[in-house]
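Numbering (the working numbering), first residue to last: 420 to 807.
Quick reminder that beta carbons are idealized off the backbone N, C-alpha and C, glycines included.
These notes concern the structure reproduced below.
Structure representation (structure tokens):
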């Protein structure tokens, strides 16, 4: 067990070094002419402050043409009213509101909404943004130079969660903030990213059309993973950029938090891992193998008190890395009462990860229980609504 503890401590040191190295890299030169951007935004009514989020996007600083596409469910009159009011109050902005019918279920899928916007969009860059995402004011200018580099097909960024309204939301924010930056940056240091973080990502329109866009993705819930595969199949790169964006994701109950964790690890296991090259599978396993060590140490230290200093050292190393990266790179405030959740998450989150990785292929998504098949074709198992 002491060797495992040492491995974990070395792993935390390596992640710290990779983060410093990643953010210290020189930035690409700015273009002489900034390309036009279609900011495609599928919207669904939620508990977060959508009006504030959309207002913030209207304040994004960009030197080229920026077109906003807000895609709303026709039945969602509350969201439409928010969009219509903002459009009226901001006549100088290029805003297009699209209302669409459901493609299946009660609401239109995210893929259906993005397709609806693409039918109207004509800019040089297509940039997709989820409705709970806040981009930094200069985020577009920060990321576009990376997209315009040779052989880059798609770019994406790093998430920082900011919802601390209740315990389930705080647990999720803690999990993402403790793991997203060191995990994605560490993986990108060893292999070309083989997936895209679907919160927000961008492609040049010519590349998007060349790789087939969202064609033949009906029935899939892994559109971001599939798009990344198409980018690589055309000899292009999925590029991890240092753009850090915030996510306001609220979970009403612990059950909802658990179901989200289950989806996050079940969907990639079923739809993504079988398609990976052997090298990518090896690197993914290598960078993940240290995660279960703290809970293993905690269990082993119950009958063996001599292991407790090693456990405390591992917990302190993870907490230190978490605090440092939040203050150095995310620059987002974490409530004082939430920091102990970092310790709790270090012990419990690996168990939830294993639950998703080793469990069956069933998930709850959009209020429905379904079983995933290989390549993420979905088969309904039942119609029981889930309101958590």
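With contacts defined by Cβ atoms closer than 8 Å, residue 685 and residue 780 form a contacting pair.
Leaving aside the five residues that flank residue 568 on each side, the residues in its chain whose CB is nearer than 6 Å to its CB run, in chain order, 447. If you look at residue 713, you'll find it in the alpha helix (DSSP H) that goes 712-720. A straight line joining the alpha-carbon of residue 545 with that of residue 708 spans about 36 Å. Cβ neighbours of residue 715 within its own chain (closer than 6 Å, five residues either side excluded): none. Judged by beta-carbon spacing, residue 519 lies beyond the 8 Å limit of residue 579, meaning their Cβ atoms are not closer than that value. In this structure, DSSP gives residue 508 a helical state, which the three-state scheme calls helix. Taking residue 456 as the centre and dropping the five residues before and after it, the same chain places the C-beta of 485, 542, 544, 546 closer than 6 Å to its C-beta, in chain order.
Residues of the same chain with a CB within less than 7 Å of the CB of residue 533, apart from the 5 flanking positions on each side, are 459, 461, 547, 633 in chain order. Relative to the Cα of residue 566, the nearest Cα in the group 750, 705, 621 belongs to 621. Taking C-alpha positions only, residue 672 is separated from residue 629 by approximately 43 Å. Contact check for residue 659 and residue 575: beta-carbon distance about 7 Å, within the 8 Å limit, so the pair qualifies. Per DSSP, residue 749 is not a residue of any beta strand (DSSP E), being assigned neither H nor E. In the structure shown, residue 633 adopts coil according to DSSP, grouped into three states.
DSSP, read as helix, strand or coil, puts residue 654 in coil. Taking every protein chain shown into account, the CB of residue 670 has 16 or more other CB atoms within 10 angstroms, so this residue is buried. For residue 486, DSSP records a beta bridge to 457, 513. The Cβ atoms of residue 757 and residue 523 do not sit closer than 8 Å to each other. For residue 676, the three-state secondary structure derived from DSSP is helix. Between the stretch 607-615 and the stretch 747-761, the count of Cβ pairs shorter than 8 Å is below three; the stretches do not touch. Here DSSP, grouped into helix, strand and coil, assigns residue 734 to helix.
Counting only residues of its own chain and dropping the five nearest sequence neighbours on each side, residue 751 has a CB closer than 7 Å to the CB of 579, 581, 665, 745. Contact annotation: the stretch 490-501 touches the stretch 525-532, with at least three C-beta pairs closer than 8 Å.
Here residue 639 carries a coil assignment [DSSP, helix/strand/coil].
Taking the C-beta atoms as reference points, residue 661 is found no nearer than 8 Å to residue 467. In this structure, DSSP gives residue 790 an extended state, which the three-state scheme calls strand.
Spatial neighbours of residue 473 in its own chain (CB-CB distance under 6 Å, excluding positions within 5 residues in sequence) are listed in chain order as 505.
For the set 769, 420, 480, 571, the Cα lying nearest the Cα of residue 652 is the one of 571.
In this chain, the alpha helix (DSSP H) harbouring residue 442 covers 421-443. One alpha carbon belongs to residue 465, the other to residue 710, and they sit about 32 Å apart.
For residue 482, the number of other beta carbons within 10 angstroms of its own is below 16, and it is reported as exposed. In this structure, the straight-line span from the alpha carbon of residue 782 to that of residue 590 is close to 20 Å. One alpha carbon belongs to residue 562, the other to residue 726, and they sit about 45 Å apart. Within the stretch 578-635, complete beta strand (DSSP E) segments of at least 3 residues are found at 619-623, given in chain order. A Cβ-Cβ separation of about 6 Å places residue 713 in contact with residue 734 under the 8 Å criterion. Annotation: residue 687 to residue 510 spans about 42 Å, alpha carbon to alpha carbon.
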